Each structure stands twice: as structure tokens, then as C-alpha cells.
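> Supplied in C-alpha cells, the structure appears directly below.
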Amino acid sequence: MTAASSDLVTLVLGIFGVLIVASAVGYLLERRLATDGPNAAVENLNARIRAWWAMVILIGLAFIAGRVGVLVLFAFCSFAALREFITLIYTRRADHWALASAFFLVLPIQYYLLWAEEYGIFSIFIPVYAFLLMPIISVLRGDTERFLLRVAEVQWALMISVFCVSHVPALLTLDIPGYEGRNVLLIAFLVIVVQLSDVLQYVWGKLFGRTKIAPNLSPSKTVEGFVGGVASATLIGAALWWITPFTPLQAGLLSFIITLMGFLGGLVMSAIKRDRGVKDWGHLIEGHGGLIDRLDSVVFSAPIFFHIVRYWWSLS
Amino acid sequence: MKALVAKVAAAAFVLFARAITAVRAIWSEEGLPAKPCVYFANHSSHGDFVLVWAVLPPRLRHRTRPVAGAEYWLKSHTNAFIGRDVFNAVLIERDREKRTQDPIALMVSAIDDGSSLILFPEGTRNQTEERLLPFKSGIFHLVDQRPEVDLVPVWINNLNRVMPKGEIVPIPLICTVTFGNALRIAPGEDKEVFLDRMRVALLALAPKPVGSGE
């Protein structure tokens, strides 16, 4: 067994341990609290834990399948996220071909470029080519009704759902000396820190939350939850330095940036939901809402994490 | 052989519809009627009955037949295969002049055989800005003969954006199919009153437009 795969096995066993504990707690809570009828909060918690099992197993299988597995998994995430996003935006008949090309042209090309490791074109394909292409296609039908709004919304759907999400598997393309063959662990690091930060913010908020941090955007986010969640996720991130090319201090610092971006990303995505008058982006994952509801903090942290690591650690 | 191909094709249609729309059913509090019933839905896309079909539990799906226009579904061999063999549609001739069989009689006999029906009382696809067109009277004449049949309103949301008329490439968007509580015709209920009541019940299931700030 190589060092990379033995680290991966240790990591997976650790995550399974956490989930087993979570499932046990969920079971006990259900026994305790649900004696007089079902308890909505506990039911939601248990649905979330079950979904976590499914997500961990799915990501684990993708890791085992290697580069292609990871690319296919995140291409699907982009597809489902784009579908949720475009469902909520204002579009007109004239946008039909622009939307079709977002799904069936831009998305596959972006992931093909990753597969081909064409970083130069990968990094500008959406913000340059796709962003110019979308309004060109839409304008051909001559419908000018709320044109700027329509163009901007489709562009942002692509930005969030395809461009940002694709920066998670893009971590595989980095060429870090002394870290060859282990890049998949960088993805694990990013995903674990972001998701733990979300969960810990929720837990800290439930336990000690008093002061709402942004009542207009998200009633459940509190200062106590934010501080506790970011601090504890940063510490756990630092403790995970052994799966990364970083020192413990660097791992902690990067975790801090990741959790901060994740939190702010969550706020931005909440603002969009508020604007559209919905509670969740969709219903893909039981207990979590839509895929974007689970992915929102990853979306904002992935490109930043990718570029920091690329700038300071990667040769490519 | 043909039956097998039709079965595979039906499964493929359902799978494709689910892959594109991630369709989700919102059931009524009462659940679905156990007996044969009539699902009546808004009509804005060719895919409407596929979506209703896709969300029904398989045991009900096999006994549920869409009611569709014969002139369209018998136009070509492919259309006829899809309409008649794959979806087992009750094909009715909309043009009175060309009719050899009474559409109401066809529907009544399908119900008597134990099938449920999917009916689009608007009669044709809605291409307008209106949420729902006025209902044709077919549904009234049907329950006039079988007043004990449950009428289940079904609102299909977003499918018109997936594939508007004249487009060939579908846009993947999330669709929902909302089922309302079953209704029946009241004894001696007037046709216009009945049709209006059905239309209001169906409209009540339509979600508010996204972005309305509600």
C-alpha cells in the first residue's frame, strides 16, 4: 500500500468513526425525544446523517475510481447545481439556445479541459468565452425584454455552478513537489474542512447562539456559531496537516481562509434564495435541501484555495 | 416482441424525463384514490403526461392511460407506436366531422375496464401567458355518465420551460407535479358551475411564480 492510499484509508476510517458516533447520537435522541410523536428537528438531523453517509460513500467510490471518477462526480454536481440555479432565474424563450449550450456545450467542455489538463484555457474558458457567447446567442432572437438581467443571471449560474465547482477537481492537476500521486487528499482536505465548518457552526449556534449575525439573510446564523465553528474547523484543519503538503501552521491558516470564504459564500447564496423567495435550492438531498444548499460554501472556497495552493506550492 | 419494445421504451421515457427534470411529486393530504380515477392537469408541453406517469407509483402507472388527440398520435408510425403501444393512450378524434367513435364513450369504457385516465381539459396545449385556458366540456360529459368517479387535479410546473413549442433540445430544469384532493360532481350540478369549480381547484395548486418575494 502506498503512503497516499494508506493515508486515504486512515482518513476514511476516521470519517466513518465520526458518522457512526453521529448515527448513534441520532438514534438515542430519537428514542429519547420521539416518545410522544415524531420530533421534526431530530427527524431532520437523522435525515441529514443518512445523507452524509451516502455522500461520503459516493465521494469515496469516486476517489477509488481515480481521476475519471472524481471528474464525473463533480461534472454531475455541476449539472445538478446548474439545473437548480436556472430553475430559479428569469429566462425567456429567446434564451433557449443559450441555456441549452450552457448545459450541453460549456459544462462538458469545462470538464474536458480539466481532463486534458489544459490549465491555460480552463481558467478563462467560462469567464471569457462562455460569458461572451451567452449574450450573443440570446441576442440573435431579438428579444430585448430585461436583456441585461437575463444575460447576467445565466452568466452567474455558469460562474457558480460550473466554473467554481470545477475548481474542486482542478486540485488534481496541481504539480506539487514531494506530493505526487496524493492530490486527491487535497480535495478531501478542502471538502472536510468546509463541511465540518458548516456542521460545527450549526452545532455551536444551537448550543450557544444568541446574537444573530445577519438576520435579513439567514436567521439561523449567529455570531457564537460563526466564531465557534470557524475556530474549531480551523483547528481540525490544522490537525489534518498530515494529508496535505502544508505544515500544521499553514494548514490551519488555509483552513481559516476556507472556512471564512465558505461562511461568506453561504451568505451570498442565502441572499439569492431570499431574492427568489425560496427556502431551499432544490430537493435532491433529503434533509439538506438542494445540491447547492450543501455545496454553497464549497463553491466560494474552492477557487480561492486552488489559486493559493497553485501560486505558492505548485510548479504548474 | 412489439410489447417488449414498448415496455422498454416506456421505461426509457420515464428515465429520461426524470434525468432531465429531477421531477418531484407533491401528494395531496388524502393520498391517491384507490379506485380508477381521472387525473386532470394543465397542458403546456408534449411531455405533460409522461411526467404525471413518471411520478405515479408503478402499480398505479400500469393502469393509467392518457387521453390524447388521435389526429396527432396516429400521424406517423412512430407517433402511433408511442401513443398507442408505449403509453396505451385513449385516442380520441377531436374533429367532429371525422369522428367514427364517441370520445366520451371511449373514456367511459376505459374507466369501466379499471383504468385511470390522465385528461387535459384545456383541450390543447396552452401557449399563452394565461396560466390556464377555459376548460372544454368533455370532463363534464364524462362524469355525467360516471358521477362516482374521483377527479384529481394535477398541476405540472415548469415543464413548458424545459421544452417550449418548436424547440428540439430540452433544458434541464426542476419540475414538480402537485396532486390535489379528489373532487366529484355534485348531484344536478350545472355544467358551467362544475367546469369553473374544477378550474379553480386546479389553479389553486399552481405555485406562486418564482421571485414574487412571497
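Protein sequences appear in the order of chains A and B.
Residues 1 to 316 in full-length UniProt numbering are what the first sequence lists, from first letter to last.
Residues 1 to 214 in full-length UniProt numbering are what the second sequence lists, from first letter to last.
All C-beta atoms in this analysis are idealised placements derived from N, C-alpha and C, irrespective of residue type, glycine included.
Owing to the predicted nature of the structure, the values given are computational and were not obtained by experimental measurement.
Under three-state DSSP, which class holds A:Tyr112?
Helix, per DSSP.
> Measuring only the C-alpha atoms, how far is A:Ala302 from B:Ala19?
A:Ala302 and B:Ala19: Cα-Cα distance of roughly 27 Å.
> Only counting runs of 4 or more residues, tell me where the alpha helix (DSSP H) segments fall wholly within the stretch 8 to 92 of chain B, in order along the chain.
For the stretch 8 to 92 of chain B, whole alpha helix (DSSP H) runs of length 4 or above, ordered along the chain, are 48 to 55, 58 to 61, 70 to 73 and 77 to 80.
> At 8 Å on the CB atoms, spell out the chain B contacts of A:Phe76, in chain order.
Within 8 Å Cβ-Cβ: nothing; A:Phe76 doesn't reach chain B, min ~11 Å.
> If you compare alpha carbons, which of A:Leu8, A:Gly181, A:Leu11 and A:Leu82 is closest to B:Ile174?
Closest option to B:Ile174, Cα to Cα, is A:Leu82.
> Express the C-alpha separation of A:Ser78 and B:Ala22 in angstroms, rounding to a whole number.
The alpha-carbon atoms of B:Ala22 and A:Ser78 are separated by roughly 14 Å.
> Any heavy atom of the ligand SAH closer than 7 Å to the beta-carbon of A:Ala62?
Within the structure as shown, the ligand SAH is missing, as the structure has no ligands at all.
> Can you tell me which of the three DSSP states B:Thr100 falls into?
The answer is coil: DSSP assigns B:Thr100 none of H, G, I, E or B.
> Leaving out five residues on either side along the sequence, give the residues of the same chain with a beta carbon under 8 Å from the beta carbon of A:Val128.
Excluding positions up to five away in sequence, the list is empty.
> Kindly say whether A:Glu84, judged by its beta-carbon, lies nearer than 8 Å to any beta-carbon of chain B.
For A:Glu84, the answer is yes, since a Cβ of chain B falls inside 8 Å of its Cβ.
> How should A:Gly229 be labelled, buried or exposed, when 16 other C-beta atoms within 10 angstroms of its C-beta is the threshold for buried?
Buried is the call here.
> Just checking my contact of A:Leu172 with A:Val184 at CB under 8 Å: how many whole Å lie between their CB atoms?
The Cβ separation is near 7 Å, so the contact holds.
> From what residue to what residue does the alpha helix (DSSP H) around A:Ser101 run?
From DSSP, the alpha helix (DSSP H) with A:Ser101 extends over His96 to Ser101.
> Who pairs with B:Phe179 in a beta bridge, going by DSSP?
Paired residue(s): B:Val154.
> If contacts are defined as beta-carbon pairs under 8 Å, then A:Ala188 and A:Leu11 qualify, I think. What distance do you get, rounded to the angstrom?
With a Cβ gap of about 6 Å, A:Ala188 and A:Leu11 count as contacting.
> To be precise: take each residue of the stretch 254 to 286 of chain A, compare its Cβ to all Cβ atoms of chain B, and keep it if any distance is under 8 Å. Which residues remain?
Flagged, chain order: Asp275, Arg276, Gly277, Val278, Gly282, His283 and Leu284.
> A:Ser5 bridges to which residues according to DSSP?
None, per the DSSP bridge assignment.
> Counting C-beta neighbours from all protein chains within 10 Å, is the total for B:Trp73 16 or more, i.e. buried, or is it exposed?
B:Trp73 should be labelled buried.
> In the stretch 164 to 176 of chain B, which residues sit with their C-beta less than 7 Å from some C-beta in chain A, listed in chain order?
Within the stretch 164 to 176 of chain B, the qualifying residues are Pro164, Glu167, Val169, Ile171, Pro172, Leu173 and Ile174.
> Do A:Leu267 and A:Ala214 have their C-beta atoms within less than 8 Å of each other?
Yes. Within cutoff.
> Going along the chain, which residues of its own chain have a beta-carbon closer than 6 Å to the beta-carbon of B:Asp202, five neighbours each way excluded?
With the sequence shown as reference, residue 202 of chain B is identified as Leu, and Asp is not the correct amino acid for it. Same-chain partners within the cutoff: Pro153.
> Taking 8 Å as the threshold (beta carbon to beta carbon), is B:Ser28 in contact with chain A?
It does not: the Cβ of B:Ser28 has no partner Cβ on chain A nearer than 8 Å.
> What is the residue span of the beta strand (DSSP E) that B:Ile118 lies within?
First-last of the beta strand (DSSP E) with B:Ile118: Ser116 to Leu119.
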